[in-house]
Amino acid sequence: ARLVDEAMGTAVYMEINALHRLLREGGSLSAVTLSADPNAFKRIYDRLKATPAVAAVSLKTAALQNFQDTMGQNLGLITFFNILFASIIAVGVIYNSARISLSERGRDLASLRVLGFTRREISFILLGEMAILTAVSLPAGLALGYGLASWTVKAFENELYRIPLIVAPRTYGIAALTVVLASLASALAVRRRLDHLDLVAVLKTRE
80 ARLVDEAMGT AVYMEINALH RLLREGGSLS AVTLSADPNA FKRIYDRLKA
130 TPAVAAVSLK TAALQNFQDT MGQNLGLITF FNILFASIIA VGVIYNSARI
180 SLSERGRDLA SLRVLGFTRR EISFILLGEM AILTAVSLPA GLALGYGLAS
230 WTVKAFENEL YRIPLIVAPR TYGIAALTVV LASLASALAV RRRLDHLDLV
280 AVLKTRE
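Just so we're aligned: the sequence shown equals residues 80 to 286 in my numbering.
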């Protein structure tokens, strides 16, 4: 006996003659799966369709192509909205974190401007910190995303079907690129606020 890795159904496989003996039946078949040369598909298909004893004929390639086309359209739309929502959330989180940091350190950054630091230099201080935090959080986020995907797949498994977890490298690239673009958008917004620091208020402050 051996184990067969099946993603759908509860099928078992057995040597056909042994199955006939077990069921005490003759040589009857309900379905046949053929493996043939792709160049001969059309000829075999036409012959089987013309055979009265054959109730139905289907091509695995055609069924698979239809399935992929249907799933591709649906998953493409779902993926688009997921990326859109993820981008909005990422921009919100990163931008708010940067604004909080700017509010806490705005006076210090303005003081540096008064002391002669350029806008680029004070931007590098704040935005550099944000870039480091983003770079550190990316691996952790990708690992958590993989764990969430694994948990979701296992939660949907049942006796009739299971979905194998396959995460392509392209998926990690899209996720990382989404966060990076969101970080850049947030950095541009914060950079504009840095250009309008109130230097006069800093000069009037007594330390």
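Even for Gly, the Cβ is constructed at its ideal location relative to N, Cα and C. A quick note: this is a predicted structure, and the numbers were derived from the prediction, not measured.
For P248, the uninterrupted alpha helix (DSSP H) run begins and ends at P248 to L273, by DSSP.
By alpha-carbon distance to L127, the top candidate from L143, A110 and A142 is A110. With contacts defined as CB atoms closer than 7 Å, L188 and I201 qualify as a contacting pair.
Within the same chain, Cβ atoms closer than 8 Å to the Cβ of L181 are found at L188, L205, V269, R272 and L273, the five residues on either side in sequence being excluded. When the Cα atoms are used, R81 and Y92 turn out to be separated by approximately 9 Å. Per DSSP, L108 lies in no alpha helix (DSSP H) and is assigned neither H nor E. For the 7 Å CB-CB criterion, V170 and A261 form a contact.
Fewer than three pairs of CB atoms, one per stretch, sit closer than 8 Å, so the segment 136-156 makes no contact with the segment 230-237.
In this chain, the alpha helix (DSSP H) harbouring V215 covers R198 to A234. Close CB contacts of A255 within its chain, under the 8 Å cut and outside five residues either way in sequence, are with L217 and L221 (chain order).
Using a C-beta cut-off of 8 Å, the segment 236-252 makes no contact with the segment 148-165, since fewer than three inter-stretch Cβ pairs fall below that distance. Under the three-state reduction of DSSP output, M87 falls in the strand class. Closest in alpha carbon position to L138, among M209, G226 and R122, is R122.
Burial of Y174 is indicated by the presence of at least 16 other C-beta atoms within 10 angstroms of its C-beta. The DSSP-derived three-state label of Y92 is coil.
Straight-line measurement puts the Cα of L108 at about 19 Å from the Cα of A129. A straight-line Cα-Cα distance of about 30 Å links R241 and D116. Only buried fits A266, as 16 or more other CB atoms lie within 10 angstroms of its CB. Distance from the CA of N96 to the CA of E85, rounded to the nearest whole angstrom, comes to 23 Å.
Residue nearest to T89 within the set L239, G151, G207 and L223 is L239 (criterion: CA-CA distance).
Non-local beta-carbon contacts of R198 in its own chain, meaning distances under 7 Å to residues more than five positions away in sequence, involve L273 and D274 in chain order.
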